[in-house]
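Beneath this line is the structure, given in structure tokens, with notes to follow.
In structure tokens, the structure reads:
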């Protein structure tokens with residue numbers, strides 16, 4: 001938006017829309033609490049609004065989309081005009097292009113959400129991706145460092161490491177576990193999944209490099225194996241278990257490549273990785289001796305404490 005102080009205006013709900021690039025995708029966890037506050041006390045602060053050039057309706061400019069949804073909800077329930085006609089703080093749309101104006105609004109919503117701390121990691125990641133896409137529309141070929149500076153100048157500092165994690169989450173995890181991510185999976189858990197994927201893929205690639213090209217080409221892609229391991233755990237973040245996903249991925253790799261489960265687990269098990277790092281040791285090679293223990297999954301189920309085909 002811009003730095004002007006704004007003007008108080010009275011408008012109806014029919015004239016106001018939510019910001020269409022709102023970072024929040026899931027229901028605000030404090031929705032009911034905010035709803036009761038508005039019912040009993042009204043709005044504590046006027047929502048900040050703006051209007052795009054050439055459009056007849058206003059949009060929420062910085063935070064306030066949840067309050068707008070609640071006002072519509074209360075109006076439908078009560079038809080009380082105190083919910084229909086509201087006072088807002090109007091700020092002129094001063095950006096020279098639609099992309100820059102949308103970027104300013106989006107960053108305003110992101111900063112507000114960060115201050116409240118109630119956006120999920122995937123919501124923040126998608127919003128940052130949208131901000132970068134908008135920025136690239138008028139800064140073609142910009143570097144990641146420039147994107148980091150742009151976000152920092154807007155009041156939303158993000159490190160290059162965090163930016164990479166956000167991008168990887170959207171690309172490598174979101175297609176397979178959207179419900180798990182939207183239910184609030186933390187950055188720590190996301191890092192664990194990305195590390196698991198990286199370790200598993202390195203093991204897979206190293207093994208396949210030692211195979212005849214004809215055999216290698218007959219194998220599925222690691223991306224498909226990882227997707228199979230994830231999709232059955234696309235539930236609530238409250239039930240997240242890294243160990244169960246590790247076990248699923250380990251079993252799939254073991255059976256697909258016909259390698260002993262425990263050999264694969266040396267790479268996929270986070271605890272084994274930590275022990276190896278402390279001891280300065282590397283997992284054993286995958287050639288020859290490690291093969292033959294995978295067996296078929298049909299008719300059997302593997303568990304974290306019992307490898308298939310092992311006694």
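In the UniProt record's numbering, the protein residues as written are 1 to 311.
Quick reminder that beta carbons are idealized off the backbone N, C-alpha and C, glycines included.
- By the C-beta criterion, the segment 74 to 89 is judged to be in contact with the segment 46 to 65, since at least 3 inter-stretch pairs fall below 8 Å.
- DSSP places residue 188 within a helical segment (H, G or I) once states are collapsed to three.
- The three-state secondary structure of residue 22, taken from DSSP, is coil.
- Here residue 66 really is in contact with residue 28; their C-beta atoms are around 4 Å apart, less than 8 Å.
- In the three-state reduction of the DSSP assignment, residue 17 falls in the strand class.
- DSSP, reduced to helix, strand and coil, places residue 9 within a strand of the structure shown.
- Nearest to residue 104 by alpha-carbon distance, out of 70, 152, 201, 206, is 152.
- Around the beta carbon of residue 221, fewer than 16 other beta carbons lie within 10 angstroms, which makes this residue exposed.
- Beta-carbon to beta-carbon, residue 123 and residue 25 are separated by about 5 Å, close enough to satisfy the 8 Å threshold.
- Per DSSP, the unbroken beta strand (DSSP E) holding residue 85 starts and ends at 85 to 90.
- The C-beta distance from residue 137 to residue 99 rounds to 4 Å, short enough to fall under 8 Å.
- For residue 50, there is no enclosing alpha helix (DSSP H); the residue is part of the beta strand (DSSP E) that begins and ends at 48 to 50.
- For residue 58, the pairing in a beta bridge is given by DSSP as 16.
- No Cβ-Cβ contact shorter than 8 Å links residue 148 with residue 134.
- Going by DSSP, residue 69 is part of the alpha helix (DSSP H) stretching over 65 to 78.
- Nearest to residue 43 by alpha-carbon distance, out of 187, 85, 211, is 85.
- Between the beta-carbon of residue 176 and that of residue 231 there is about 5 Å, and that keeps the pair under the 8 Å contact cut.
- By the neighbour-count criterion, in which 16 or more other beta carbons inside 10 Å mark a residue as buried, residue 116 falls on the exposed side.
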